[in-house]
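Under the numbering used here, the residue at position 379 of the first sequence is numbered 380, and the numbers go up by one with no gaps. Glycine included, C-beta positions come from ideal geometry on N, C-alpha and C. Fair warning: this is a prediction, and the values are worked out from it, not measured in the lab. Data first, discussion second: the structure below is written as structure tokens.
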Amino acid sequence: MEVVTRIAPSPTGDPHVGTVYVGLFNYALARKHGGRFIFRLEDTDRQRYQELSEQRILEMFTWLGLEPDESPVKGGPNGPYRQSERLDVYRAHVERLIAEGHAYRAFETAEELDAMRAEQRRLGRPLGYDGRGRTVPREEQERRAAAGEPHVVRLVTPDDGTTTFTDRLRGQIAFANEEIRDPVLLKSDGYPTYHLAVVVDDHLMGVTHVIRAEEWITSTPIHVLLYRALGWHLPEFVHVPLLRNPDRTKLSKRKSDTSVDSYRRQGILPEALLNYLATLGWSMPDGREFFSVDEMIAAFDLDRISTGEPIFDLKKLKFFNAKYLRELLPLEDVAARVKPLFVERGFELGDDPDYVLDVVDVLRPRAETLVELADQAGYFFTEEFPYDEGARKQLAAGQTHLQAVERELSMLEFFDYDGVDDMLREYVQDQAVPMGKVMMPLRAALTGTTSAPGVVDLIVILGKRRALARIGRALTFIDAGLPDDDPQKALEEARRQEEAAKRGKPVAKAKGHG
RNA sequence: GGCCCCUUCGACUAGCGGUCAGGUCACCACCCUUUCAAGGUGGCGGCACGGGUUCGAAUCCCGUAGGGGUCACCA
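Structural data, given as structure tokens:
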């Protein structure tokens, strides 16, 4: 039998990591068995419906590479795939359930139900619909409905006995039927509830495995009763663990960042997100921690899903992301993905494609996300970067070395890594000074910061001309007295003074050397 | 509160009667080193508790505790 799975999100807001998580397992099982993975939109709540949500969720799956075989956009043999477009289907099944005595029309108002619950609470009795509408004669139900009286349709549930089903991961689960209280199937607005819609659609769409979060366990007996009332075979139920906030409550927007779009904006890679999510509750038989979706599919086995309750840990997600950024993805790939962020920041990329590659190569071990990488890259793409506080200190202390290195560098014959490296080492040795005394001021001059890639790498990547220019700029800056404000302004001021001096006019000195 | 689910290092997990209880993240130390990272090596740290079953239990059973979910005309 063909394996058919589905993801059935509600269009109520930002694409949620929980949707990816459950979607991943559904996708993996379907692909593993050459089956189909269906995307169905559960848009039966008109209150919480959000216009753009469907599109964003669909785009998220595309971004992740978890393409559904059937969806509202793609279509397929089981459409429509929006529940709001299937109202007649649900209505037909409800009619049948009523006709066969499995359901009835109930006319209690919201106030009436509230009062009922209040009374139950007062008496300390279990909460839930007490079945009072069952006693209304069928003819009266139909008459009132025909007269346009608002009502819902409820499922008739047994008063005693138990309803049992098998969860693939947890074994047999039994519920006393008295716990199940004639749930609403069709709302008074004519829309189905989740319970009705999910059962009807899963059956009609041929879903064989219902893989969903464990929060649904308690409503599964309702579904089982419905399957029976409709005379349908049960699918396999697989309740996967619920993702948690750090305090172990159900992952929520209030306590965690649950938006996939947000992670995407932060420069999280889809590969990393999927890989990390996969390790939450699932493991490779050989213990590998890093694997692609395809590798997961190849090794996939529902029985390897654990039942623990994993905390969604941003730190570990970042770790996975960093791993992909610096090691698992080819350099060209990473470069292609950061480039748009460079452009966004107004960086002049130039026309040498290797330059960007070199920059990314040297920066990626230092970044955990694409955004972090881009944020660090500024000085590679402008000659007008600022000097931070640490850099200014280094410049102040390193003037003589900067002048010397500027001279040495300009005379350097073999301008490659070894050439520059040899030159600097010889200089340090000749001067008999600690390396840092030379390297740190150089780094400051080259980048405006004190934490950056190796000086030799920087010089080689920037090229002789720009390296020399930057050292020269730093020296001018030092001459200007290392003001705290904008270096560009300071440098212009310095130049003005220089010209004035040439013309022999006395000028006031801005500030003495620190 | 009723019902249901869950329980191995701080976090994610491997384990499915016999293991020195393994790995990863985080944390700490050391190494490498011109800074920051990355990388390397090592360390800290765990079977919730109590009963059984068994020659032998993290593994099986029962109970307790703790955590979570759910009790809507939301999904």
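Would residue i be called buried (16 or more neighbouring beta carbons within 10 Å of its own) or exposed?
i: residue 339; result: buried
i: residue 93; result: exposed
i: residue 124; result: exposed
i: residue 72; result: buried
i: residue 419; result: exposed
i: residue 412; result: exposed
i: residue 127; result: exposed
i: residue 9; result: buried
i: residue 1; result: In the structure as shown, the chain starts at 2 and stops at 515, and residue 1 therefore has no counterpart that could be examined.
i: residue 142; result: buried
i: residue 254; result: exposed
i: residue 513; result: Because residue 513 sits at a pLDDT of 35, beneath the cut-off of 50, its placement in the model cannot be relied upon, and the following sentence gives the value as read from the coordinates. Residue 513 comes out exposed.
i: residue 20; result: buried
i: residue 240; result: buried
i: residue 295; result: exposed
i: residue 25; result: buried
i: residue 324; result: buried
i: residue 506; result: Low per-residue confidence applies at residue 506: pLDDT is 46, beneath 50, and the placement is therefore not dependable enough to give any value.
i: residue 263; result: exposed
i: residue 245; result: buried
i: residue 415; result: exposed
i: residue 250; result: exposed
i: residue 41; result: buried
i: residue 333; result: exposed
i: residue 268; result: buried
i: residue 175; result: exposed
Identify the continuous alpha helix (DSSP H) that holds residue i and give its terminal residues.
i: residue 21; result: 18-33
i: residue 377; result: 371-377
i: residue 460; result: 456-463
i: residue 82; result: Taken as a continuous stretch (DSSP letters only), residue 82 belongs to no alpha helix (DSSP H), as it is neither H nor E.
i: residue 440; result: 436-448
i: residue 380; result: Premise fails: residue 380 is in no alpha helix (DSSP H) and is neither H nor E.
i: residue 400; result: 400-412
i: residue 429; result: 418-432
i: residue 56; result: 54-65
i: residue 272; result: 271-280
Let me make sure I understand the geometry here. Which of the options has the alpha-carbon closest to that of residue i?
i: residue 384; options: 281, 190, 38 and 466; result: 466
i: residue 519; options: 306, 275 and 303; result: With the chain represented from 2 up to 515, any question about residue 519 goes unanswered, as that position is not in the structure.
i: residue 260; options: 457, 3, 9 and 18; result: 18
i: residue 187; options: 298, 219, 412 and 87; result: 87
i: residue 178; options: 162, 376 and 100; result: 162
i: residue 133; options: 442, 182 and 58; result: 182
i: residue 382; options: 358, 398 and 401; result: 358
i: residue 395; options: 414, 436 and 210; result: 436
i: residue 204; options: 234, 172 and 482; result: 234
i: residue 201; options: 155, 129, 91 and 104; result: 91
i: residue 427; options: 43, 242 and 402; result: 402
i: residue 369; options: 318, 408 and 346; result: 318
i: residue 265; options: 61, 22, 46 and 48; result: 61
i: residue 82; options: 232, 455, 96 and 206; result: 206
i: residue 15; options: 39, 22, 47 and 53; result: 53
i: residue 58; options: 11, 116, 453 and 283; result: 11
Hey, would you say residue i sits closer than 8 Å to residue j, going by beta carbons?
i: residue 392; j: residue 451; result: yes
i: residue 378; j: residue 322; result: no
i: residue 472; j: residue 406; result: yes
i: residue 36; j: residue 5; result: yes
i: residue 224; j: residue 185; result: no
i: residue 136; j: residue 226; result: no
i: residue 297; j: residue 29; result: yes
i: residue 449; j: residue 376; result: no
i: residue 434; j: residue 457; result: no
i: residue 313; j: residue 257; result: yes
i: residue 51; j: residue 13; result: yes
i: residue 243; j: residue 279; result: no
i: residue 111; j: residue 154; result: no
i: residue 364; j: residue 374; result: yes
i: residue 475; j: residue 446; result: yes
i: residue 43; j: residue 277; result: no
i: residue 303; j: residue 97; result: no
i: residue 327; j: residue 366; result: yes
What span of residues does the beta strand (DSSP E) with residue i cover, start to end?
i: residue 45; result: Run containing residue 45: none; DSSP gives neither H nor E here.
i: residue 294; result: No beta strand (DSSP E) holds residue 294; the alpha helix (DSSP H) holding it covers 294-300.
i: residue 8; result: 5-8
Which runs of the alpha helix (DSSP H) at least 4 residues long sit entirely within the stretch 94-152? Give them in chain order. 111-124 and 139-147
Considering only residues of the stretch 217-267, which uninterrupted beta strand (DSSP E) runs meet the minimum length of 3 residues and lie entirely inside it, listed in chain order? 237-241
Taking only runs that begin and end inside the stretch 164-217, name each unbroken alpha helix (DSSP H) of 4 or more residues, in chain order. 195-205
Where in the stretch 308-375 do unbroken runs of the alpha helix (DSSP H), each at least 4 residues long, occur, reported from the N-terminal end onward? 315-324, 332-345 and 354-364
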